[in-house]
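Data block below; observations after.
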Ligand SMILES: Cc1cc2nc3c(=O)[nH]c(=O)nc-3n(C[C@H](O)[C@H](O)[C@H](O)COP(=O)(O)O)c2cc1C
């Protein structure tokens, strides 16, 4: 592809951002904006969209930006180029994350193309799964995706550990529900049904009544007692595979790595029609996160708790438009 002329460059940048905005983010905050300079795209964290109460250190914000960064890398591969990523660590510009330039030519692999095709299709599932197990070899492949980003995907196979993590998730959720500041923050990001907002968690993306799995991983209370959410029809009641994403350390770079690994896993799973549910409440309560780190992660740092399985539902998705999110980079 020729990206030399400015219109070609702009076209390439637009194509990239059309994909990137579909990355997952905590509460669909979409805490990012993008600078463009020729065909280089700069990823910035939008710190006004950080969850002040649930995410004071910006850990989940940077996991979300990491997911966007991997999506950008994959979109560059789709263009038949290699991404050239330069991570930024300018203390004067803490929101600056990375420059991603369109590098040397190179055909995308079949796997990369299939994962690219999942970027818009992938959705967060909230509820139980169908009872069947995951396709043979998929978990190994997901672990390898995480490993490539220096992140570990730990499958929680011991039934007692699954029960313990479910119980810790419940404690995290109930701790949040006792905190008025948390509830106010949730209200900002969970709009009422029929809202035309292009961000936040909408009522057509979660069930009205939780689908009770055994063990049960508490859902976030997006409806806050208002009775919002979808009425379920046929209940799917398997918990699915429970897994933790962990990193060896716990700094900004680790959070970005965790986000990139997360999106790789989600897209690779989606290519097999496998969906993911997230339960990160306990990791937002420092004492619970520390307990999970010591008891369930061999002292590695837990970044995400996920369940994986087959779901029947088609979930809609909303995003802000790429045009609203891009600004010329000086
Ligand atoms: C760091 C992070 C934490 C998340 N935590 C939760 C969670 O605890 N519960 C939940 O239902 N979804 C969680 N999500 C999923 C987001 O709500 C979801 O990505 C967002 O609403 C966009 O929807 P989509 O993934 O279907 O495109 C999390 C996502 C990220 C990136």
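Residue numbers (UniProt numbering): 1 to 330.
Every residue, glycine too, gets a C-beta built ideally from N, C-alpha and C.
Run the proximity test for residue i: is its beta-carbon closer than 8 Å to any non-hydrogen atom belonging to ligand 1?
i: residue 69; result: no
i: residue 272; result: no
i: residue 281; result: yes
i: residue 24; result: yes
i: residue 213; result: no
i: residue 171; result: no
i: residue 314; result: no
i: residue 78; result: no
i: residue 27; result: yes
i: residue 97; result: no
i: residue 186; result: no
i: residue 304; result: yes
i: residue 124; result: yes
i: residue 262; result: yes
i: residue 239; result: no
i: residue 52; result: no
i: residue 149; result: no
i: residue 116; result: no
i: residue 167; result: no
i: residue 229; result: no
i: residue 219; result: yes
i: residue 265; result: no
i: residue 106; result: no
Pick out whichever of the options has its Cα sitting closest to the Cα of residue i.
i: residue 104; options: 82, 248, 141, 124; result: 82
i: residue 58; options: 279, 314, 254; result: 254
i: residue 76; options: 193, 161, 100; result: 100
i: residue 48; options: 90, 95, 42, 179; result: 95
i: residue 204; options: 213, 211, 222, 216; result: 222
i: residue 154; options: 246, 160, 165; result: 246
i: residue 239; options: 194, 132, 270, 322; result: 132
i: residue 41; options: 13, 122, 124, 198; result: 13
i: residue 208; options: 289, 220, 198, 199; result: 220
i: residue 314; options: 43, 123, 110; result: 123
i: residue 193; options: 74, 210, 230; result: 230
i: residue 179; options: 262, 109, 285; result: 285
i: residue 46; options: 97, 10, 39, 78; result: 97
i: residue 121; options: 283, 20, 291; result: 20
i: residue 138; options: 74, 258, 271, 88; result: 271
i: residue 329; options: 8, 172, 43; result: 43
i: residue 262; options: 297, 302, 287; result: 302
i: residue 7; options: 22, 197, 39, 241; result: 39
i: residue 307; options: 9, 290, 280, 319; result: 280
i: residue 305; options: 243, 60, 324; result: 243
i: residue 199; options: 172, 232, 322; result: 322
i: residue 248; options: 298, 206, 232; result: 298
i: residue 129; options: 211, 73, 218; result: 211
i: residue 324; options: 18, 11, 9; result: 18
i: residue 344; options: 66, 102, 92; result: One cannot answer for residue 344 here, as it falls past the ends of the chain, which runs 1 to 330.
i: residue 148; options: 11, 93, 292, 264; result: 264
i: residue 252; options: 60, 11, 23, 22; result: 60
i: residue 171; options: 287, 152, 327, 31; result: 287
i: residue 197; options: 311, 326, 319; result: 319
On the premise that residue j lies in contact with residue i, defined as a C-beta separation below 8 Å, what is that separation, rounded to the nearest angstrom?
i: residue 256; j: residue 69; result: 7 Å
i: residue 250; j: residue 213; result: Not a contact, Cβ separation roughly 30 Å.
i: residue 134; j: residue 274; result: 6 Å
i: residue 107; j: residue 127; result: Actually they do not touch by this definition, with Cβ atoms about 39 Å apart.
i: residue 125; j: residue 277; result: 5 Å
i: residue 113; j: residue 78; result: 7 Å
i: residue 300; j: residue 169; result: Not a contact, Cβ separation roughly 19 Å.
i: residue 64; j: residue 259; result: 6 Å
i: residue 268; j: residue 141; result: 6 Å
i: residue 215; j: residue 162; result: 5 Å
i: residue 173; j: residue 218; result: 4 Å
i: residue 309; j: residue 241; result: 7 Å
i: residue 74; j: residue 116; result: 5 Å
What does residue i pair with, by DSSP beta-bridge criteria?
i: residue 154; result: 244
i: residue 86; result: 99
i: residue 304; result: 245
i: residue 278; result: 306
i: residue 45; result: 32
i: residue 213; result: Paired residues: none, contrary to the question.
i: residue 267; result: For residue 267, which the question treats as bridged, DSSP gives no partner whatsoever.
i: residue 230; result: 207
i: residue 129; result: 238
i: residue 319; result: DSSP, once it has assigned bridges, lists no residue as partnering residue 319.
i: residue 109; result: Answer is none; residue 109 lacks a bridge partner.
i: residue 328; result: 36
i: residue 81; result: 105
i: residue 124; result: 276
Q.
With three or more C-beta pairs closer than 8 Å as the rule, is the region 182-202 touching the region 24-40?
A. yes
**Q.** the region 42-59 contacting the region 171-185, beta-carbon criterion three pairs below 8 Å
**A.** yes
Q. Touching or not, the region 28-46 and the region 217-235, by the rule of three or more beta carbon pairs under 8 Å?
A. no
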